[in-house]
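Okay, so here's the structure we're looking at.
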DNA sequence: CATTCTCGTTGGACCGTTCCAGCAGACATC
DNA sequence: GATGTCTGCTGGAACGGTCCAACGAGAATG
């Protein structure tokens, strides 16, 4: 509300420019620019004098000015759908490491609230002129279709949408992963296996599909039941509660991801049932969370680090003009058996092979 | 390796400028600029024509050019020490929400690897001309002292270092929080309470201090024992294992944070002991992780959302020239009792008041 | 009718860089 | 001694916006 004063949020004179350095070193601004970027034709002693002058007055390059003239930012944007999902941290670490290795910077934005905010975050990335985008999450951010294009390719990690130009993907085979989970439960002797799903996203659809296909494959198609959930632990709780209230309640739950499985675990406990004696629970993602001792969740593991590294490599490689590889890559999930799965309690001897029953 | 071709990572003509819009709308570039920023003196029909033209050719403002002339970016940098710590997500969410509310954008960078990379991340923030920095973690990033200054104030969340100019802080009273943990354990009847600490950071020091003071206050000064750990779960595991190997092993562990407490829980399990029957465990931070059903960790809660919101409010307020409040704010922690604490097993009747013993 | 005011619009300077063309001077070549 | 090449350096034109002074046209005022 300071009425007439010239509003200045940041103080002037605080940011010395290349000219200030030039004046102090007694050379032209062009030479300072050259020296700063290690150009070959600068006399060693001049270079040192310039570097010293820059150091003395606390000079720092201005990324905006530089990006303006270079018309490149060497920056990729990372859109994170859910910061709370523990898989995010693992993947993000890998993305950042690979980007840094290739001399790209990363700009992280977080979505997941509402569609408007998500579009705004994406817009911000574009205004900063990121050269590419990595979208991380079980669905694409709202508005990607308009955002990506020739000037700004994107790679999606997790979900694998086809048919959007300049949008590649890196994910694991979710249909297969869901199959692994069902196979494991069936091998233990379970039949009434309910799937707590993740709603309408592509990833949720694939895992649902994989579940249904595997149930059918085992002759349990008629028993296949899907209850609605979400990718957050609240959704897992809700879904599991609904599943346990079914007329013939399940002996095993296959939950859409590890985070939701946490909610499912809570719902089972609230129903006065024990895991894995009364109900087995399988998650998906293979996060560190699932591996925590008191949790010890059986889960379908994704190679999170590899996912991040390869996505960043694919995007940066493309930007650097490397010959493009496959736009869509599918990695293999693996089953990680821990302590939330066991044979169902009326341990009727099953003819099926029982190697996993220990 | 494309030798002579002009290397162009991003394609030309992909980014229309304000002049392209002007040409299409048949006006001058100045007017386009005016219309785009909702200036009052533009004729309504002209404005609409300009907006339509911009839409048609897919125009997007260039943040670099704009920042260059405005000499402001309305962007604050957020330095995150550890993405894997679940407290990060909660605080970050709040910071982003508040910053957005005040019309500031956030730039997130992740540190925690080595000192060199950390300095580089900070430098990147400065080159992007962020107007302020929020540092989030149990210690300050390497090189903040040189980074912050009049041109770039900072607020630290978590640790509260004094004496650095233009560096405010927002944290909870860690000495008091550690006291709450010890009080709770003593009230349950514990005496051999060992602290698994977090190393040399300020936060670790305060919690250690609070632990020692509280032990002394309860007449248990001679029993006070600190074993070295860290803020990650690996450190908690290591520390707890060392504690349990002591000649007279503890009946309770107070661990420096929730994440490390996960490691401690694992170490207790590996030693063949049960929580809370054989060993009680208390964490710190009050993260969602601790609240997960299978974990149910007793912990010292910090108002994570409030921490984030107030830090962002303080920084943005300062940038907008609001009258500065206190540079350093200390919030009160609260004890969250769950299921990892119980009276020690040889439940000898203690004269001390036992209201918490249920 | 001349003067002033307001409105809607415009050209141009400028922000801090990079990069290109050019320019002295030293040195080599014929 | 004229010519050419190389080295080390400089001035100026961009890059894509914002903002300021100025300007013509029409309305309001005397």
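Chains as they are written, first to last, in our numbering: chain A, 11 to 368; chain B, 11 to 368. A virtual CB, placed ideally from N, CA and C, is assigned to each residue, including glycine.
For the candidate residues the options, whose alpha-carbon lies nearest to that of residue i?
i, options, result
"residue 237 of chain B", "B:252, B:224, B:41", "B:252"
"residue 352 of chain A", "A:195, A:215, A:66", "A:195"
"residue 168 of chain A", "A:331, A:267, A:53", "A:267"
"residue 279 of chain B", "B:101, B:303, B:254", "B:254"
"residue 331 of chain B", "B:90, B:107, B:206, B:142", "B:142"
"residue 72 of chain B", "B:159, B:28, B:265", "B:28"
"residue 59 of chain A", "A:100, A:75, A:33", "A:33"
"residue 83 of chain B", "B:135, B:131, B:90, B:119", "B:135"
"residue 345 of chain A", "A:113, A:307, A:334, A:355", "A:307"
"residue 123 of chain B", "B:39, B:94, B:336", "B:94"
"residue 130 of chain B", "A:129, A:126, A:111", "A:111"
"residue 264 of chain B", "B:257, B:69, B:210, B:350", "B:350"
"residue 69 of chain B", "A:44, A:26, A:157, A:49", "A:157"
"residue 137 of chain A", "B:26, B:334, B:337, B:336", "B:26"
"residue 170 of chain A", "A:47, A:44, A:149, A:336", "A:149"
"residue 315 of chain B", "B:117, B:100, B:50, B:173", "B:100"
Where do the N-terminal and C-terminal ends of the alpha helix (DSSP H) with residue i fall, by residue?
i, result
"residue 100 of chain B", "96 to 111"
"residue 56 of chain B", "54 to 67"
"residue 146 of chain B", "Premise fails: residue 146 of chain B lies in the beta strand (DSSP E), 142 to 147, not in any alpha helix (DSSP H)."
"residue 199 of chain A", "Note, residue 199 of chain A: premise wrong, no alpha helix (DSSP H); not H, not E."
"residue 135 of chain A", "125 to 137"
Taking 8 Å as the threshold (C-beta atoms), are residue j and residue i in contact?
i, j, result
"residue 276 of chain B", "residue 294 of chain B", "no"
"residue 297 of chain B", "residue 96 of chain B", "yes"
"residue 144 of chain B", "residue 321 of chain B", "yes"
"residue 310 of chain B", "residue 190 of chain B", "yes"
"residue 63 of chain A", "residue 35 of chain A", "yes"
"residue 290 of chain B", "residue 262 of chain B", "yes"
"residue 343 of chain B", "residue 186 of chain B", "yes"
"residue 77 of chain B", "residue 139 of chain B", "yes"
"residue 176 of chain A", "residue 153 of chain A", "no"
"residue 318 of chain A", "residue 105 of chain A", "yes"
"residue 31 of chain B", "residue 56 of chain B", "no"
"residue 274 of chain A", "residue 249 of chain A", "yes"
"residue 272 of chain B", "residue 243 of chain B", "yes"
"residue 213 of chain A", "residue 183 of chain A", "no"
"residue 88 of chain B", "residue 41 of chain B", "no"
"residue 161 of chain B", "residue 323 of chain A", "no"
"residue 201 of chain B", "residue 180 of chain B", "no"
"residue 86 of chain A", "residue 325 of chain A", "yes"
"residue 102 of chain B", "residue 119 of chain B", "no"
"residue 205 of chain A", "residue 218 of chain A", "yes"
"residue 338 of chain A", "residue 178 of chain A", "yes"
"residue 305 of chain A", "residue 304 of chain B", "yes"
"residue 52 of chain B", "residue 61 of chain B", "no"
"residue 155 of chain B", "residue 126 of chain B", "no"
With a 10 Å radius around its C-beta and 16 neighbouring C-beta atoms as the bar for buried, classify residue i as buried or exposed.
i, result
"residue 67 of chain A", "exposed"
"residue 260 of chain B", "buried"
"residue 287 of chain B", "exposed"
"residue 65 of chain A", "exposed"
"residue 192 of chain B", "buried"
"residue 108 of chain A", "buried"
"residue 270 of chain A", "buried"
"residue 328 of chain B", "buried"
"residue 354 of chain B", "buried"
"residue 222 of chain B", "buried"
"residue 22 of chain A", "Low per-residue confidence applies at residue 22 of chain A: pLDDT is 38, beneath 50, and the placement is therefore not dependable enough to give any value."
"residue 207 of chain A", "buried"
"residue 210 of chain B", "exposed"
In the DSSP output, which residue or residues are listed as bridge partners for residue i?
i, result
"residue 181 of chain A", "A:340"
"residue 345 of chain B", "B:310"
"residue 162 of chain A", "A:159"
"residue 236 of chain B", "B:205"
"residue 117 of chain B", "B:87"
"residue 294 of chain B", "B:310"
"residue 167 of chain B", "B:146, B:180"
Along the chain, where does the beta strand (DSSP E) that runs through residue i open and close?
i, result
"residue 4 of chain B", "The requested residue 4 of chain B is not part of the displayed model; chain B covers only 11 to 368."
"residue 86 of chain B", "85 to 90"
"residue 263 of chain B", "262 to 265"
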